[in-house]
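Going by UniProt numbering, the letters in the sequence shown line up with residues 1 to 344, in that order.
Backbone N, C-alpha and C define an ideal beta-carbon position, used for all residues, glycine too.
The structure appears below as structure tokens.
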Amino acid sequence: MKQRRRTWTRIVFLIISCLLLFVISGFVYEWIASKKDKSQYPPPGELVDAGGYRLHIRKLGNGSPTILLESGSGESSLSWRDIPEKLSSFATVVSYDRAGYAWSEEAATPRTGENIVRELHLALKNADIQAPYILVGHSLGGMYSRLYAQTYKDEVAGLVLVDARPENDARRTNEIYAKERPKVNPSPLISILLEKSGAFRLFPNFMLTGRVEYQDRNSFVNIVASSKYFRSVAEEGDLASTTEDAIRGQHLGNLPVRVIARGVQQDLTQFGISKRGNDQIEQSWQMGQREMLNISTNSKFIVAKKSEHMIIHDQPELVIQVIRELITDTSHFQSTMSRAYADN
1 MKQRRRTWTR
11 IVFLIISCLL
21 LFVISGFVYE
31 WIASKKDKSQ
41 YPPPGELVDA
51 GGYRLHIRKL
61 GNGSPTILLE
71 SGSGESSLSW
81 RDIPEKLSSF
91 ATVVSYDRAG
101 YAWSEEAATP
111 RTGENIVREL
121 HLALKNADIQ
131 APYILVGHSL
141 GGMYSRLYAQ
151 TYKDEVAGLV
161 LVDARPENDA
171 RRTNEIYAKE
181 RPKVNPSPLI
191 SILLEKSGAF
201 RLFPNFMLTG
211 RVEYQDRNSF
221 VNIVASSKYF
231 RSVAEEGDLA
241 STTEDAIRGQ
251 HLGNLPVRVI
261 ARGVQQDLTQ
271 FGISKRGNDQ
281 IEQSWQMGQR
291 EMLNISTNSK
301 FIVAKKSEHM
311 IIHDQPELVI
321 QVIRELITDT
331 SHFQSTMSRA
341 YADN
């Protein structure tokens, strides 16, 4: 009996030792690999002071106006794929990483929309990137773009909202989500542990399915995923309501605004939401897209018929077309603004 007990004790000890060795090996492997990533994947743009930390800003092309791309929640400058290169054929285009994302440093200030917009404004000035700007905001980035246009009206020549988050989204859907209790992404702490242990790098297809699109997983693991990233994404989400409050009921006069809304309903049932809940959330979202037409007397509504939420991936050519047409439509306004800035 004692012999059998000792045997089982040894087996349990061996299993625990193997698991511990595996975990430690994962942490060591990730530490070595992440060090290599810094040399193998240098920032394609420049790091610019944003008031106590540095933002990664990438500028392509020439001429006025400057197209400024604002990514959605959890999305870095890499999420735009080759859209910046294509836009640079007819305008100056700027993509950047918000604080904590990809190559940008982490900020000490809270991730409120007000701070994000103010720090971006400072970084653009420090990088000598001239207004007027055409702001292109996807998802949560649409709210930041709207707040920028509201805060720095004289610098903005146009606004393109790509399936942007409406200012009343949380008010309308919080109760639905509370009832549905969907599967959510791991907490920042769990995500950081998974990243530090090498789990994302070792098992990307298993760990990132439903979270990161297949062709973006390599860049996510090697460039984006980090402790600062997971902390920043979580804080942005926690403070998103402050941005909603800041832009609620806004009116931007006759600023040219283009609202691009998805034409294919997003499937949230994969996250445990019922079909009825999914339909209610979609109805609220589409209502919010239409309501954004009211922020300007010069607004147009475009439906991306083949796209779900990631229109910039599903129909990038449509996004480029809308931006190009907006620039053409506002050419007189742009020249007027350019002369005004040249005189300053």
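Which one of the options has the shortest CA to CA distance from residue i?
| i | options | result |
| --- | --- | --- |
| LYS300 | ASP49, SER331, ASN254 and ARG217 | ASN254 |
| ARG324 | SER64, ALA127 and LYS306 | SER64 |
| GLU46 | SER226, LEU60 and LEU318 | LEU60 |
| GLN283 | PHE271, ILE302 and ALA261 | ALA261 |
| PRO110 | ARG258, ILE281 and GLY52 | GLY52 |
| GLU114 | GLY100, THR151, TYR229 and GLY72 | THR151 |
| GLU213 | PRO256, LYS305, SER79 and ASP128 | SER79 |
| SER71 | ALA50, LEU208, ARG165 and ALA91 | ARG165 |
| ARG290 | GLU175, ARG118 and ILE302 | ILE302 |
| GLN270 | PRO43, GLY210, PRO42 and VAL259 | GLY210 |
| PRO256 | VAL160, ASP245 and ASP216 | VAL160 |
| THR242 | THR112, ARG54, LEU69 and ALA107 | THR112 |
| ARG258 | GLN266, ILE320, TYR41 and ASP245 | ILE320 |
| ALA127 | ARG171, ALA50 and THR328 | ALA50 |
| PRO219 | SER331, ARG54, LYS228 and TRP103 | In the sequence on display, residue 219 carries Ser and not Pro. Answer by Cα proximity: TRP103. |
| LEU193 | SER226, ARG217 and LEU208 | SER226 |
| SER89 | GLN215, ASN62 and GLU180 | ASN62 |
| ASP154 | HIS121, GLU180 and ALA178 | HIS121 |
| ILE281 | TYR101, ASP216, GLU180 and GLN40 | GLU180 |
| ILE129 | TYR101, ARG58, ALA178 and GLU105 | ARG58 |
| residue 355 | PRO42, ALA178 and PRO316 | Because the chain in this structure spans residues 1 to 344, residue 355 falls outside the shown range and cannot be described. |
| LEU87 | LEU208, GLN265 and LEU318 | LEU318 |
| GLN266 | ALA240, LEU239 and ALA304 | ALA304 |
Would residue i pass as a contact of residue j if the rule is Cβ separation under 8 Å?
| i | j | result |
| --- | --- | --- |
| PRO204 | GLY272 | no |
| TYR133 | VAL156 | yes |
| residue 400 | LEU135 | Past the edges of the chain, shown from 1 to 344, lies residue 400, and the structure says nothing about it. |
| LEU124 | ILE247 | no |
| ALA99 | ILE67 | no |
| SER73 | HIS56 | no |
| GLY263 | SER307 | yes |
| ILE176 | TYR144 | no |
| LEU326 | GLY158 | yes |
| VAL221 | ARG201 | yes |
| ASN174 | GLY288 | no |
| ALA170 | GLU75 | no |
| ALA107 | GLU119 | yes |
| GLU105 | ARG54 | yes |
| TYR229 | TYR101 | yes |
Which residue or residues does DSSP assign as beta-bridge partners of residue i?
| i | result |
| --- | --- |
| ARG258 | VAL160 and LYS300 |
| HIS138 | VAL162 |
| ARG58 | SER95 |
| GLU46 | ILE57 |
| ILE67 | VAL93 and ILE134 |
Establish whether the CB of residue i and some CB of chain B are separated by less than 8 Å.
| i | result |
| --- | --- |
| TYR133 | Considering every chain present, this structure includes no chain B. It has just one protein chain. |
Quick one: does the C-beta of residue i sit closer than 7 Å to a heavy atom of the ligand SAH?
| i | result |
| --- | --- |
| ALA225 | In the structure shown, the ligand SAH is absent, as is every other ligand, since no ligand is present at all. |
Whether or not the stretch 185-192 and the stretch 90-108 are in contact is what I'm after, with contact meaning three or more pairs of Cβ atoms, one per stretch, closer than 8 Å; do they touch? Segments in contact, no.
At least 3 beta-carbon pairs within less than 8 Å: the stretch 229-244 vs the stretch 272-280: With the rule of 3 Cβ pairs closer than 8 Å, the stretch 229-244 does not count as touching the stretch 272-280.
Meets three-Cβ-pair contact criterion under 8 Å: the stretch 245-254 and the stretch 290-299: Three or more beta-carbon pairs separated by less than 8 Å link the stretch 245-254 to the stretch 290-299, which places the two stretches in contact.
How about the stretch 310-322 and the stretch 79-87: do they share at least three Cβ pairs that are nearer than 8 Å? They touch, by the three-pair rule.
Which runs of the beta strand (DSSP E) fall wholly inside the stretch 216-266 and span at least 3 residues, in chain order? Every unbroken stretch of the beta strand (DSSP E) spanning 3 or more residues and falling wholly within the stretch 216-266 is given here in chain order: 257-262.
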